[in-house]
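Visitor:
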Amino acid sequence: MSEWLVLVLAMLAACVVVVIVTFLRHRTASEDDDPSETPDVIEYMTMMIGVVYAIVLGLAIAGVWEARSAAEDHVQAEAQALHEVSERVRNYPVDVREKVRADVDAYVRYVVHTEWRRMADDGEVTARGGALLERVREDVTDYRPRSDYEAQAYQPLVDQVAAADAARAARAGSTGATMPGVVWFGLITGAVVTIGMVFALQIRRTTRELILAGLFSALIAFLLFLIWDFDAPYSRGLAASTDPFLALFPHL
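Numbering (numbering that gives the first Met the number 0), first residue to last: 0 to 251.
1) Does the distance from the C-beta atom of THR177 to that of ALA105 stay below 9 Å?
2) Kindly confirm or deny that the stretch 116–123 and the stretch 226–236 touch, where touching means at least three C-beta pairs closer than 8 Å.
3) Within 10 angstroms of the Cβ of VAL160, are there 16 or more other Cβ atoms? Answer buried if so, exposed if not.
4) Going by C-alpha distance, which of ARG167, ILE210 and VAL182 is nearest TRP115?
5) Alpha carbon to alpha carbon, how far is THR206 from ASP164? Give it in angstroms, no decimals.
6) On the CB-based measure, 16 or more other CB atoms within 10 Å of its CB, does TYR91 come out buried or exposed?
7) Does the Cβ of THR140 have 16 or more other Cβ atoms within 10 Å, making it buried, or fewer, making it exposed?
8) Counting only runs that start and end within the stretch 135–196, where is the alpha helix (DSSP H) found for 4 or more residues in a row?
9) According to DSSP, simplified to helix, strand and coil, what is VAL15?
10) What does the Cβ neighbour count give for PHE248, buried or exposed, with the cut at 16 atoms within 10 Å?
11) Confirm, please, whether the CB-CB distance from VAL111 to THR241 is below 9 Å.
12) Suppose the cutoff is 6 Å on Cβ atoms and the five residues either side in sequence are ignored; what does the same chain contact list for SER85 look like?
13) In angstroms with no decimal places, state the Cα-to-Cα distance between PHE198 and GLY62.
14) Determine whether the beta carbon atoms of GLY253 and THR113 lie at a separation below 9 Å.
15) Could you tell me the boundaries of the alpha helix (DSSP H) in which ALA217 lies?
16) Smallest Cα separation from GLU133: which of ARG145, ALA162 and GLN154?
17) Buried or exposed: where does ASP147 fall if 16 or more other Cβ atoms within 10 Å of its Cβ makes it buried?
18) GLU83 to THR174, Cα distance in whole Å?
19) Mind checking which residues open and close the alpha helix (DSSP H) that includes VAL107?
20) Any idea what DSSP makes of VAL51, helix, strand or coil?
21) So the candidates are GLU77, GLU97 and GLY57; which of them puts its Cα closest to the Cα of VAL107?
22) Which of the three DSSP states is assigned to PHE248 in this structure?
23) Is it true that the CB of GLY57 sits closer than 9 Å to the CB of THR193?
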């Protein structure tokens, strides 16, 4: 099922629940129930709960957005480092140069076409990807420069391989969800309490109030979906992509 379809269904469900609860509440209300006599303290509590929950939602969205941005930075850093290795090895003999570039291409091809799906499905990188990157490291570090010109290029190449390895490790560490379960419990509980306080205000069955209550519930459902979608940086609709690899290695 499409994630956007899930979002639409969740927002519609939130609106339907509000309408159903409102009608049931009015059907079971006593004859002397007067919605206009809502105590001031309830209105104050509703306002404060809404403000506190809005702050919590804002912090949660900022946290998952920062994690997603960091995930994109890891991919960009890894792709750029591998591109530098592929370009700077031009100072080496033809056979060494071609071998390094072939191994870099093999690693990038594997990450883009195979490992990325594993990250999305299982939330982890593969041992095969690590082995392919290790082969690139061996190609670079095992070569003995034959001239001062090659020696000057050797250390920068080693540094770029190390940068690629560090970026890969960072990418592996950010594949899973970033929001702890206890935070999700707080977000969902807060949503229930916040929407429940709308009914504590004894809303009437007027079209205007029903529309506003439904839109308010749909907005909360949308924000929770947004947090959930950003929570897995590499696997959901608004996830980080392989574009940095494809942009720097268009032949793959």
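Using N, Cα and C, we set each Cβ at its ideal position, and we do this for glycine too.
Guide: Taking the geometry as given:
1) To locate residue 177, count along the sequence shown from 1; it is residue 178. To locate residue 105, count along the sequence shown from 1; it is residue 106. No; because the gap between Cβ atoms is not below 9 Å, this pair is not in contact.
2) yes
3) Translated into the one-based positions of the sequence shown, residue 160 becomes position 161. Under this definition VAL160 is a buried residue.
4) Looking up residue 115 in the sequence shown gives position 116. It is ARG167 whose Cα lies nearest to the Cα of TRP115.
5) Within the sequence shown, residue 164 is the residue found at index 165, counting from 1. Within the sequence shown, residue 206 is the residue found at index 207, counting from 1. Roughly 59 Å between the two C-alpha positions.
6) Within the sequence shown, numbered from 1, the residue matching residue 91 stands at position 92. The residue in question, TYR91, is buried, as its Cβ has 16 or more Cβ neighbours within 10 Å.
7) Walking along the sequence shown from the start, residue 140 turns up at place 141. Label assigned to THR140: exposed.
8) Within the stretch 135–196, the complete alpha helix (DSSP H) runs of at least 4 residues are 147–172.
9) Counting from one through the sequence shown, the residue named residue 15 turns up at place 16. Of the three classes helix, strand and coil, the one that applies to VAL15 here is helix, per DSSP.
10) Taking the sequence shown and counting its residues from 1, one reaches residue 248 at position 249. The residue is buried, with at least 16 neighbouring Cβ atoms inside 10 Å.
11) Walking along the sequence shown from the start, residue 241 turns up at place 242. Walking along the sequence shown from the start, residue 111 turns up at place 112. Contact: yes.
12) Position 86 of the sequence shown, counted from the first residue, corresponds to residue 85. Around SER85: ARG100 and VAL103.
13) Residue 198 sits at position 199 when you count from the first residue of the sequence shown. Residue 62 sits at position 63 when you count from the first residue of the sequence shown. Computed Cα separation, rounded: 31 Å.
14) Given that the chain is displayed from residue 0 to residue 251, the structure contains no residue 253 and the question cannot be resolved.
15) Here residue 217 corresponds to residue number 218 of the sequence shown, with the count starting at 1. Where ALA217 is concerned, the enclosing alpha helix (DSSP H) stretches over 206–229.
16) Counting from 1 along the sequence shown, the entry for residue 133 is found at position 134. GLU133 has its Cα closest to that of ALA162, out of ARG145, ALA162 and GLN154.
17) Within the sequence shown, residue 147 is the residue found at index 148, counting from 1. With fewer than 16 Cβ atoms within 10 Å of its Cβ, ASP147 is classed as exposed.
18) As a working note, residue 83 is residue 84 in the sequence shown. As a working note, residue 174 is residue 175 in the sequence shown. Rounded to whole angstroms, GLU83 to THR174 spans 25 Å at the Cα level.
19) Sequence index remark: in the sequence shown, residue 107 carries index 108 (1-based). Unbroken alpha helix (DSSP H) run through VAL107: 93–109.
20) What you label residue 51 is simply residue 52 of the sequence shown in a count that begins at 1. In the structure shown, VAL51 sits in a helix (DSSP, three-state: H, G or I).
21) For this step, residue 107 is matched to residue 108 along the sequence shown. Of the candidates GLU77, GLU97 and GLY57, the residue whose Cα lies closest to the Cα of VAL107 is GLU77.
22) Against the sequence shown, residue 248 aligns to sequence position 249. Secondary structure at PHE248: coil, using DSSP grouped into helix, strand and coil.
23) What you label residue 193 is simply residue 194 of the sequence shown in a count that begins at 1. What you label residue 57 is simply residue 58 of the sequence shown in a count that begins at 1. Going by C-beta atoms, THR193 is not nearer than 9 Å to GLY57.
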